[in-house]
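Residues in the sequence shown are numbered consecutively from 34, following the working numbering.
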Amino acid sequence: MRKTVLSRAAGIIMSAVLLLPLSGCTKSENNSEGQKDGNIEGLVYKGDEYSMADELNGSELSGGIYVNDRLYFISQKSAASDAAGETGGAEYSLVSMKKDGSDYTSVPIASGNVMLSSLAADSDGNIYYAEAVLNSGDTAQTDDVTYQIKKVSPDGNVLNTTDISAVVKEQEQPEKHDESFIPKYVCFDKDSNTYLVGNFKTIVLDKNLGLLFSVTTDYVENAITLADKTVCLYQYSGNDSGKSIFCPIDTASKALGSPIEFCKTQMDYYNLVPVSGFSDSSKYDFYIKGAEKLYGYDIETTEKTEILDWIDSNISVSEITDIVYADENEIICTGSSALSKNPIITILHTADTSSLPEKTEITIAGLAYSMSDSLKNQVVMFNKKSEKYKVRLKTYDNETGYTDLNNDIMSGKIPDILVANNGMPFESYAAKGLFADLYSFMDNDPEIKRSDFLENILTAFETDGKLYRFADSFQIYTVLGKTAEVGEKTGWTYKDICDYADSKPDGTEIFPATTKNDILTYGMKMSSERFIDYEKRTCNFKSEEFIELLKFANRFLSTMDYEGYFDEEFWDNSRTMYKDGKALLQVAFLASYRDLYAFEKLNFSEPVTAKGFPCYENAGNAIVANTGLAISAKSKNQDGAWEFIRTLLSDDYQESVENFPVKKSALEAKASQAMVKDETGDSYIMSMVGSVGVGLTIPENMGSPAQADIDKVNELISSLDSVMKNDSSVMDIINEEAGAYFDGSKTPEEAADLIQNRVQLYLNENS
34 MRKTVLSRAA GIIMSAVLLL PLSGCTKSEN NSEGQKDGNI EGLVYKGDEY
84 SMADELNGSE LSGGIYVNDR LYFISQKSAA SDAAGETGGA EYSLVSMKKD
134 GSDYTSVPIA SGNVMLSSLA ADSDGNIYYA EAVLNSGDTA QTDDVTYQIK
184 KVSPDGNVLN TTDISAVVKE QEQPEKHDES FIPKYVCFDK DSNTYLVGNF
234 KTIVLDKNLG LLFSVTTDYV ENAITLADKT VCLYQYSGND SGKSIFCPID
284 TASKALGSPI EFCKTQMDYY NLVPVSGFSD SSKYDFYIKG AEKLYGYDIE
334 TTEKTEILDW IDSNISVSEI TDIVYADENE IICTGSSALS KNPIITILHT
384 ADTSSLPEKT EITIAGLAYS MSDSLKNQVV MFNKKSEKYK VRLKTYDNET
434 GYTDLNNDIM SGKIPDILVA NNGMPFESYA AKGLFADLYS FMDNDPEIKR
484 SDFLENILTA FETDGKLYRF ADSFQIYTVL GKTAEVGEKT GWTYKDICDY
534 ADSKPDGTEI FPATTKNDIL TYGMKMSSER FIDYEKRTCN FKSEEFIELL
584 KFANRFLSTM DYEGYFDEEF WDNSRTMYKD GKALLQVAFL ASYRDLYAFE
634 KLNFSEPVTA KGFPCYENAG NAIVANTGLA ISAKSKNQDG AWEFIRTLLS
684 DDYQESVENF PVKKSALEAK ASQAMVKDET GDSYIMSMVG SVGVGLTIPE
734 NMGSPAQADI DKVNELISSL DSVMKNDSSV MDIINEEAGA YFDGSKTPEE
784 AADLIQNRVQ LYLNENS
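Below is the structure:
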């Protein structure tokens with residue numbers, strides 16, 4: 034195990050967040066509709082925000098706990114570089130302060146190539162943590178690491194150090210996971226047993242730090258102690274379910290106990306995370322940090338009780354790193370400012386609703402995964418500043434979300450603002466006159482001008498000259514190929530791509546791991562407007578272009594054996610298959626100026642062209658609207674809805690988005706930043722291998738784009754003329770009827786005729 038692996042595996046690293054003054058309501062899970070500030074009865078949560086000491090600026094904080102009215106963290110800073118530019122690992126301190134950030138203290142506790150676990154406290158208020166020290170060499174075998182548990186007094190003095198290396202090494206299985214044991218968490222149970230929790234193994238020691246037993250696990254995402262002092266592991270299950278499971282450690286059986294099923298749907302496993310933070314008087318067994326709400330959970334009744342709604346309380350869940358304390362009247366959250374990146378504390382207290390002003394509600398609705406962290410952050414900031422309006426979110430987050438949202442829209446239950454992602458039939462909605470023209474708001478706004486934004490992006494979103502939705506930022510959905518082989522120009526036909534593929538040796542894949550239905554999906558996403566006119570309610574699937582798409586799709590796999598195809602050999606070769614010519618083309622998402630540069634360096638090892646998917650007229654590349662926003666034509670609060678949307682078009686917000694901004698000045702700023710060496714560490718780019726999204730790591734030492742690389746991306750952006758669309762109902766029809774051609778029972782023309790008739794019927798019925 035290399036030094037870098039050891040230094041990156043540490044504990045829980047605090048992410049950058051912004052915690053703002055709060056106001057929200059405590060209510061039951063089924064009583065959240067129609068509430069307004071100043072109109073609620075009972076108690077709400079209000080918060081006070083405090084900054085931590087300036088000395089912590091630039092630090093990474095982890096392992097936060099609350100003991101005897103004080104907060105404790107481990108602070109990590111990179112050690113100074115030597116003459117050769119190599120860093121000496123990290124410098125760690127135990128920092129403490131009152132819950133309002135005052136009375137700050139800091140005691141150095143370790144430096145160099147060291148890994149520290151989270152913190153834990155005993156009944157006397159003493160602090161404990163585990164330490165793994167890399168002793169020598171560039172790699173760490175089992176014998177190269179020393180393991181210790183340290184007991185520290187509340188004022189930071191080390192009271193005791195116990196070497197547990199022999200115990201830990203006896204339990205290690207480095208051959209299984211290709212790494213030494215690294216303690217991520219330390220927990221205590223009611224019998225004062227100590228739990229050292231690593232990625233794949235938990236070692237349990239008695240109160241004298243002698244070995245009791247160990248448990249081998251799947252990858253542990255979190256370890257918490259319940260109110261009754263039972264230690265539980267939240268781990269990603271490697272079985273076919275692909276779910277995370279939450280299991281207590283049973284000291285009697287020396288194994289994991291039965292899972293605690295606090296999640297009811299597949300979506301819950303993405304949105305709900307168990308957390309500690311309980312007080313001695315807590316009435317819950319543990320807390321659950323949800324994507325939208327904070328819950329308390331009762332194991333006996335299997336019920337979760339809503340404590341607060343993050344947005345109603347003016348907090349985005351992404352802005353919270355740790356909940357370090359919670360009872361019925363007080364919740365302490367910690368994080369760091371999204372603007373300054375410096376640590377802050379927010380303390381939520383219950384207060385009477387009579388102290389809150391009444392505001393007009395603006396409802397934003399959409400699928401849960403469409404509610405981005407940046408959108409939630411902006412809602413929080415808007416609600417804090419606005420004296421007249423309060424934005425609330427309505428999310429459709431279960432497995433029938435698309436159907437439920439569509440049913441609501443078609444029955445007239447249209448929110449003030451719809452988050453229109455690429456998976457919904459927005460064009461069909463717009464053709465029914467359900468949304469207002471955003472140009473009417475933009476042109477009457479004294480601070481917003483059309484000329485401030487990318488003209489071709491605006492035009493691509495238009496419908497008959499009207500702007501029914503617009504995006505705060507965008508990605509580019511494209512197909513990449515070697516410039517030396519596919520040329521520098523964007524766009525080509527099906528004949529072009531087939532001639533290119535036929536010139537290669539047998540066995541060469543055009544798109545790896547791709548099925549016939551995948552190709553049909555690519556074609557429709559990239560250029561569905563070529564085949565459907567929702568405004569006129571007509572379609573054109575009997576065209577030569579669509580028949581060519583069917584014929585092209587027939588070159589690919591009928592079905593995909595995912596387990597057999599995506600084996601270890603595939604992943605070993607995945608980075609070189611484009612460079613070596615075993616695969617020709619890559620479907621990719623470009624989200625920043627660094628992405629195209631990264632694909633050239635990492636996958637192809639030579640210049641590439643964003644060629645696009647075959648298309649007869651358009652470029653074949655598509656705009657991916659990350660957050661497409663539309664205002665209901667029947668909303669009684671259109672002015673308030675625009676007041677919120679316009680904040681997403683402001684300079685500050687546009688310069689903060691992670692993807693390509695739609696504002697010219699912000700895009701220029703992103704281009705300048707991209708040419709500066711990225712010092713923030715690894716980042717990611719996304720490609721598609723068939724229907725599987727594959728994230729690739731961009732190493733920080735890859736270098737940065739030059740002006741020529743920036744110009745290449747700008748040329749691509751300026752060529753974009755269509756928005757990626759995906760009407761799932763239409764795709765179901767296409768895939769079903771195309772199957773008759775693929776199995777040989779129909780000609781492509783006959784299949785196209787059946788698709789034409791069925792899609793036309795669908796358009797007529799939904800007009």
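Backbone N, C-alpha and C define an ideal beta-carbon position, used for all residues, glycine too.
These figures come from a predicted structure and were not determined experimentally.
Distance between residue j and residue i (C-alpha atoms, nearest Å)
i    : j    : result
T249 : E164 : 20 Å
P54  : P307 : Because the pLDDT at P54 is just 28, under 50, the model does not fix this residue reliably, and the value given afterwards should be weighed accordingly. Distance between the alpha carbons of P54 and P307 is about 24 Å.
K758 : D744 : 27 Å
A116 : D600 : Confidence at A116 is low in this model, with a pLDDT of 46, below 50, so the placement of that residue should be treated as unreliable; the coordinate-derived value is given next. Answer to the nearest angstrom: the Cα atoms are 44 Å apart.
M414 : D628 : 30 Å
M475 : D345 : 28 Å
K418 : M404 : 21 Å
S369 : Y83  : 10 Å
K644 : G653 : 7 Å
E352 : F574 : 47 Å
K217 : D355 : 15 Å
H210 : F233 : For H210, the predicted structure reports a pLDDT of 47, less than 50, and the residue's modelled location is therefore unreliable. The matter cannot be settled from this model.
A674 : I664 : 7 Å
Y302 : S752 : 40 Å
N550 : N768 : 6 Å
R791 : E581 : 19 Å
M443 : I788 : 24 Å
E798 : D251 : 49 Å
S407 : D239 : 45 Å
T547 : A739 : 34 Å
P732 : E577 : 45 Å
N241 : K223 : 14 Å
CB-CB length for residue i against residue j, believed under 8 Å
i    : j    : result
S213 : V178 : 5 Å
T523 : T642 : 7 Å
A256 : L583 : That pair is no contact at about 53 Å.
Q508 : L623 : 6 Å
T541 : L617 : 6 Å
For residue i: DSSP bridge partner residues
i    : result
S225 : Paired residue(s): none; S225 is not in a bridge.
M559 : According to DSSP, M559 bridges with nothing at all.
L127 : I107, V140
I718 : L729
D196 : Q181
M148 : A165
G368 : I377
Q268 : V253, I278
D81  : I380
F246 : V237
G661 : A504
K316 : K316 pairs with nothing; no bridge assigned.
Beta-carbon gap between residue i and residue j smaller than 8 Å
i    : j    : result
C280 : L266 : yes
V24  : Y180 : There is no way to answer for residue 24, as the model of the chain reaches only from 34 to 800.
G556 : I378 : no
Y330 : I340 : no
L400 : G434 : yes
Q619 : Y611 : yes
V727 : P545 : no
Y161 : G96  : no
L152 : P376 : no
G189 : T138 : yes
F585 : P538 : no
T235 : I282 : yes
K423 : K446 : no
K184 : N159 : yes
K132 : I348 : no
V77  : A384 : yes
task: Pair every Cβ in the stretch 489-505 with every Cβ in the stretch 651-659, then say whether three or more of these pairs are closer than 8 Å.
output: The stretch 489-505 vs the stretch 651-659: in contact.
message: Is it the case that the stretch 668-679 contacts the stretch 440-451, given that we only count it when at least three CB pairs across the two stretches are under 8 Å?
response: yes
Cβ contact check for the stretch 590-601 and the stretch 562-571: 3 or more pairs under 8 Å: Taking 8 Å as the limit for Cβ pairs, the verdict is that the stretch 562-571 does not touch the stretch 590-601.
- prompt: At a cut of 8 Å, does the stretch 596-611 reach the stretch 680-691 through at least three beta carbon pairs?
  reply: no
- prompt: Are there three or more Cβ pairs, one per stretch, closer than 8 Å when the stretch 481-490 is compared with the stretch 511-522?
  reply: no
message: With a threshold of 8 Å, are at least 3 pairs of Cβ atoms found where one atom belongs to the stretch 140-151 and the other to the stretch 124-131?
response: yes
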